[in-house]
Amino acid sequence: MPLSAAFTRQCLDLLGAANIVTEPERLRVYECDGLSAYRTLPELVALPETAEQVLALMRLCREQRVPVVPRGAGTGLAAGAMPVAGGIVVGLSKMNRILALDPLNRTATVQPGVRNLAISEAAKAHGLFYAPDPSSQIACSIGGNIAENAGGVHCLKYGLTVHNVLQIKLATIDGELLTLGGPGLDAPGYDLLALAIGSEGLLGIVVEATVRLLPLPPATRVLLSAFPSVEQAGAAVAAVISSGLLPAGLELMDNPAIRATEAFVHAGYPLDAAALLLCELDGLPEQVAADSERAIAVLTAAGASEIRSADDEAQRKRFWAGRKAAFPAVGRIASDYYCMDGTIPRKHLAEVLRRISEMSAEFGLAVVNVFHAGDGNLHPLILYDNGVDGEFAKAEAFGGKILELCVAVGGTITGEHGVGSEKIPYMCVQFGSGELQQFQRLKRAFDPYALLNPGKAVPTLHRCAELGRMHVHRGELPHPDLERF
Amino acid sequence: MAADRSAELREHIERAAATNTPLRIVGGNSKAFYTGPGAGVELLEVAEHTGIVGYEPSELVVTVRAGTRLAELEAALAGHGQMLGFEPPYFGADATIGGTLACGFSGPRRPFAGSARDFVLGCKIVNGLGEELNFGGQVIKNVAGFDVSRLMVGALGSLGLLLQCSLRVLPRPETETTVAFAPSEAAAAIEFMNRLAGRPWPLSALAYAGGRVRARLSGASAAVSAAATKIGGDIDAGGDAFWQDLREQRLPFFQQPGNLWRIAMAPAAPQPELAGDWLLDWGGAQRWLKTRESAESVHRACAAAGAQARLFRGEAAPDRQRIAPELAALQRRVRQAFDPLGLFVPLPD
Ligand SMILES: Cc1cc2nc3c(=O)[nH]c(=O)nc-3n(C[C@H](O)[C@H](O)[C@H](O)COP(=O)(O)OP(=O)(O)OC[C@H]3O[C@@H](n4cnc5c(N)ncnc54)[C@H](O)[C@@H]3O)c2cc1C
Ligand SMILES: Cc1cc2nc3c(=O)[nH]c(=O)nc-3n(C[C@H](O)[C@H](O)[C@H](O)COP(=O)(O)OP(=O)(O)OC[C@H]3O[C@@H](n4cnc5c(N)ncnc54)[C@H](O)[C@@H]3O)c2cc1C
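Protein sequence lines correspond, in order, to chains A and B.
Going left to right, the first sequence walks through residues 1 to 485 as UniProt numbering numbers them.
Going left to right, the second sequence walks through residues 1 to 349 as UniProt numbering numbers them.
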């Protein structure tokens with residue numbers, strides 16, 4: 001149902017014409033996030049400048065039962081910020097101020113539209129940084145990071161967003177402002193902060209966040225090791241972790257990724273390696289020395305054909321350059337790519353990578369692997385050509401097989417990108433009816449009319465039935481409480 | 001000792017749901033002082049539901065039944081040079097991992113390694129409808145669905161029974177050394193601790209007790225000894241015992257008369273204006289107060305200082321903690337979502 005003229009007028013009254021977008025050509029910007037294969041043109045985008053405006057919009061939308069899709073920077077990879085028919089988009093990009101930086105308490109209090117990297121840049125003068133560092137950090141917003149529980153290269157040691165946020169202010173659909181968490185390390189009552197983090201805009205809109213800052217490590221070393229096979233590199237990851245090391249980052253790139261990035265940024269990677277591992281160690285110089293001695297021994301025993309070490313900043317940047325530019329580099333060799341995000345127990349890395357390359361042959365679509373190996377978080381990039389009829393559908397089918405494989409080996413369909421619209425069918429594979437209904441009841445505790453980002457992140461049982469996706473658990477009939485049709 | 005009692009426990013809850021009988025979940029019952037006595041309710045005993053179900057040291061993940069004794073779990077991890085990163089207090093030899101997570105207690109390592117909820121990767125629960133549900137998993141990154149596993153931590157069993165949990169574990173540091181600094185006043189100690197925490201020392205605990213700041217340093221021997229020389233203060237040979245006694249509340253401070261309050265606040269914020277004795281843990285983010293002042297005065301002074309107080313031990317007064325009314329209303333709805341019949345003892349307030 002299209003938005004009524006009266007509703008649009010009320011939005012204009014609340015926010016002013018400068019903060020409401022309704023012209024089709026300007027609305028185009030908001031029709032998708034980073035997963036551009038999924039698009040819906042919105043009718044109205046509101047760009048509030050204050051928390052009060054967000055609250056007023058929420059009250060209005062609740063009163064008139066208009067769905068609300070929150071949007072940060074639109075770098076999401078699961079179509080979480082994709083508009084929904086009959087709803088509005090609330091973009092937080094104008095709420096982009098750092099409100100306070102408190103070096104003694106080691107916190108930053110920021111508006112939701114602040115870019116992830118801007119926090120670390122502001123904290124640097126105090127010898128501090130904000131640890132979660134998604135590869136999209138120059139663009140993505142802290143509000144989007146909180147909604148997705150974003151991870152990054154350094155999460156193995158420093159944790160995900162959920163481990164680094166102390167307090168948020170959440171605007172509810174009732175137009176109430178809730179403070180979740182506190183200025184210390186916890187708050188009384190249920191841990192609703194943990195629940196809100198990663199809730200993909202389904203429970204409320206984050207209008208302010210207080211994040212934890214950590215001291216910058218005085219020494220950092222990156223080890224680049226080359227392996228003659230992907231299996232050996234996968235086994236090396238497990239060996240590093242079981243040796244008692246906790247690297248700041250542990251990333252794996254396979255040969256197609258090495259070639260694509262080398263052609264793009266000339267990082268000096270060994271082109272003949274089947275896989276390379278980047279292992280970053282940080283801390284006091286004495287700690288880094290001890291850890292790298294151990295890491296080199298483990299990597300050598302695991303069959304590394306070459307190990308290079310970078311200590312100074314310039315050299316380290318060169319080692320990382322290829323990894324950081326991997327997605328755009330792949331963008332140069334293929335007209336389109338589809339990025340998956342499953343996570344698996346590390347011990348299955350070698351086996352799952354082998355299965356993916358077999359499936360690649362079956363589907364006739366190439367795959368590039370570059371991912372957070374230390375976390376077991378895979379990012380297979382499936383290459384396809386959107387210009388060829390049916391190729392995206394084929395890429396999606398291939399991606400779906402990868403996610404089912406992740407679940408089968410005890411993993412999950414998404415490690416950091418979220419479910420959004422994209423992975424809704426696989427939620428029905430990962431969870432049974434009981435869990436899905438529990439999610440829905442929890443959602444209703446916050447949003448009784450299902451107005452916040454509807455249709456995303458947690459499917460209803462009917463949606464699962466329609467999709468024909470069923471969770472099979474110990475041979476029981478999935479979702480037995482549902483009528484079949 | 002290992003025994004799977006999931007079926008009995010689930011049936012017990014189903015029966016209770018059918019007859020509308022309120023239940024009180026009991027693990028080792030070591031934390032009763034904190035949770036308070038339940039109304040005339042039936043006990044749901046988890047202590048027999050025990051055993052480590054899965055532990056692969058190379059994955060840094062352990063999966064354990066809720067009634068498993070904390071001591072047994074920690075011993076198994078230590079056998080592989082690993083540990084629970086949140087250094088949980090026991091408060092009794094029979095403490096179970098389920099009770100520990102339900103209380104959400106973390107020890108001195110918490111500001112530097114993470115809290116109980118930070119290490120929870122997944123859990124199996126039975127909700128108030130008698131449904132056995134699985135959330136999260138055994139991998140360290142997982143954003144599929146709402147984070148119900150972490151919500152269970154600190155919920156005191158009011159949202160459901162924890163049957164089994166998967167936890168991330170950490171490698172044990174090669175060495176730990178404690179340094180103690182010269183005596184100082186509280187205000188100076190607060191500033192000093194926060195300056196230390198803002199520098200990249202390999203800290204794993206930081207507290208102010210008995211007029212002195214103590215810092216624990218952890219890591220490779222070479223790094224710890226280099227840091228111990230540079231950071232100042234004197235090596236405290238009794239450091240390990242100090243942190244254990246702090247964690248278990250056995251230090252003389254805790255034996256004094258008066259109520260024991262736990263106060264959560266910004267670590268560098270000045271002390272709330274309250275008469276009594278103070279002990280500051282977590283670099284100032286968790287402060288213990290022994291006082292005879294009324295709950296009203298404690299809450300008022302804490303609110304003025306941006307702090308949140310919780311009666312930890314003492315007169316089982318109401319008014320143990322204060323929660324904003326809109327949050328309290330939301331909490332009731334969240335509880336309804338898990339336990340619509342209200343079988344489980346609600347959170348005390
Ligand atoms: C090249 C590239 C690399 C990437 N690398 C990583 C990576 O390493 N790790 C990682 O985790 N992700 C990565 N991502 C994915 C993406 O950047 C993250 O998911 C990021 O957190 C999204 O932030 P955003 O501000 O762009 O949010 P959007 O895409 O605008 O929105 C994402 C979701 O959050 C919701 N939302 C946004 N703002 C709010 C708010 N204030 N309140 C409530 N809900 C809100 C939206 O409704 C939507 O569901 C990458 C993306 C790209 C394009
Ligand atoms: C008043 C009092 C004071 C005490 N003081 C001390 C003391 O100072 N020092 C000391 O060493 N010992 C003390 N004890 C001893 C103590 O009783 C214990 O020995 C105990 O081992 C802890 O049990 P537990 O950790 O398994 O949790 P419990 O105490 O059994 O439970 C703690 C909370 O967690 C919930 N819970 C437990 N298991 C689950 C589960 N599986 N799922 C969901 N929720 C669950 C319970 O409902 C309860 O709310 C005290 C006992 C009492 C009664």
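Heads up, the beta-carbon is just placed ideally off N, CA and C, and yes, glycines get one too.
Beta carbon of residue i nearer than 8 Å to that of residue j
i              : j              : result
L206 (chain B) : G283 (chain B) : yes
A47 (chain B)  : G128 (chain B) : no
P270 (chain B) : A187 (chain B) : yes
D33 (chain A)  : G80 (chain A)  : yes
A373 (chain A) : I382 (chain A) : no
E151 (chain A) : E416 (chain A) : Note that residue 151 (chain A) is Gly in the sequence shown here, rather than Glu. Contact flag set, yes.
N377 (chain A) : L353 (chain A) : no
I20 (chain A)  : A51 (chain A)  : no
A216 (chain A) : P108 (chain B) : Looking at the sequence provided, one finds Leu at residue 216 (chain A) rather than Ala. No, Cβ-Cβ distance for L216 (chain A) and P108 (chain B) is not below 8 Å.
Q64 (chain A)  : L15 (chain A)  : no
R212 (chain B) : A445 (chain A) : no
G160 (chain B) : F344 (chain B) : yes
S166 (chain B) : G137 (chain B) : yes
G258 (chain B) : R216 (chain B) : no
Residue i versus residue j - alpha carbon distance
i                     : j              : result
A220 (chain B)        : F105 (chain B) : 28 Å
A102 (chain B)        : R117 (chain B) : 10 Å
R10 (chain B)         : I140 (chain B) : 28 Å
A18 (chain A)         : R332 (chain A) : 37 Å
V298 (chain B)        : D341 (chain A) : 48 Å
A219 (chain A)        : N116 (chain A) : 23 Å
P478 (chain A)        : L467 (chain A) : Low local confidence applies: a pLDDT of 47 at P478 (chain A) is under 50, so the model's placement there is unreliable, and no value is given.
G238 (chain B)        : D147 (chain B) : 40 Å
I402 (chain A)        : I356 (chain A) : 7 Å
L482 (chain A)        : L436 (chain A) : Note on L482 (chain A): pLDDT 46, under 50, position unreliable in the model; the coordinate value appears next. If I take the Cα positions, the gap works out to 12 Å.
Y384 (chain A)        : V162 (chain A) : 34 Å
V90 (chain A)         : L128 (chain A) : 32 Å
G420 (chain A)        : E293 (chain A) : 43 Å
R310 (chain B)        : L260 (chain B) : 9 Å
L271 (chain A)        : H80 (chain B)  : 38 Å
P70 (chain A)         : G154 (chain B) : 29 Å
Q440 (chain A)        : T460 (chain A) : 7 Å
R484 (chain A)        : H462 (chain A) : For R484 (chain A), the predicted structure reports a pLDDT of 35, less than 50, and the residue's modelled location is therefore unreliable. The matter cannot be settled from this model.
K456 (chain A)        : T177 (chain B) : 49 Å
S93 (chain A)         : D389 (chain A) : 36 Å
residue 507 (chain A) : G198 (chain B) : In the structure as shown, chain A starts at 1 and stops at 485, and residue 507 (chain A) therefore has no counterpart that could be examined.
A334 (chain A)        : G67 (chain B)  : 53 Å
G27 (chain B)         : S6 (chain B)   : 14 Å
E476 (chain A)        : Y90 (chain B)  : For E476 (chain A), the predicted structure reports a pLDDT of 46, less than 50, and the residue's modelled location is therefore unreliable. The matter cannot be settled from this model.
H473 (chain A)        : G432 (chain A) : Residue placement at H473 (chain A) cannot be trusted, given a pLDDT of 46 that sits under 50; what the coordinates show is reported in the next sentence. So the two alpha carbons sit approximately 8 Å from each other.
L35 (chain A)         : E42 (chain B)  : 52 Å
Closer than 7 Å: residue i CB and nearest ligand 4 heavy atom
i              : result
I424 (chain A) : You won't find ligand 4 in this model; what it holds is ligand 1 and ligand 2.
So, do the region 223-241 of chain A and the region 250-259 of chain A have three or more beta carbon pairs nearer to each other than 8 Å?
yes
Counting Cβ pairs, one atom from each stretch, are 3 or more of them under 8 Å apart for the region 63-81 of chain A and the region 189-208 of chain A?
yes
The region 178-192 of chain B / the region 84-93 of chain B touching (three or more Cβ pairs under 8 Å)
no
Count the CB pairs spanning the region 263-277 of chain B and the region 221-233 of chain B that are closer than 8 Å, and state whether there are at least three.
no
Closer than 8 Å is the cut-off here; do at least three beta carbon pairs connect the region 52-67 of chain B with the region 107-115 of chain B?
no
Interface positions of the region 68-98 of chain B facing chain A (Cβ-Cβ less than 7 Å), listed along the chain:
G81
Would you list, in chain order, the members of the region 56-71 of chain A that have their beta-carbon closer than 8 Å to a beta-carbon of chain B?
none
Using a Cβ-Cβ cutoff of 7 Å, what residues of the region 363-384 of chain A are near chain B? List them in chain order.
D375, G376 and N377
According to a CB-to-CB cut-off of less than 7 Å, which residues of the region 93-119 of chain A neighbour chain B?
P103, L104, N105 and R106
Contact list for the region 134-157 of chain B against chain A, Cβ threshold 8 Å
N134, F135, G137, Q138, V139, I140, K141, N142, V143, A144, G145, F146, D147, V148, R150, L151, V153, G154 and A155
Report yes or no: do three or more beta-carbon pairs, one from the region 107-115 of chain A and one from the region 136-151 of chain A, lie closer than 8 Å?
yes
Which residues, taken in chain order from the region 325-348 of chain A, show a beta carbon closer than 7 Å to some beta carbon of chain B?
T343, I344, P345, R346 and K347
With 9 Å as the C-beta to C-beta threshold (strictly closer), list the residues of the region 46-67 of chain B near chain A in chain order.
E56, P57, S58, E59, L60 and V61
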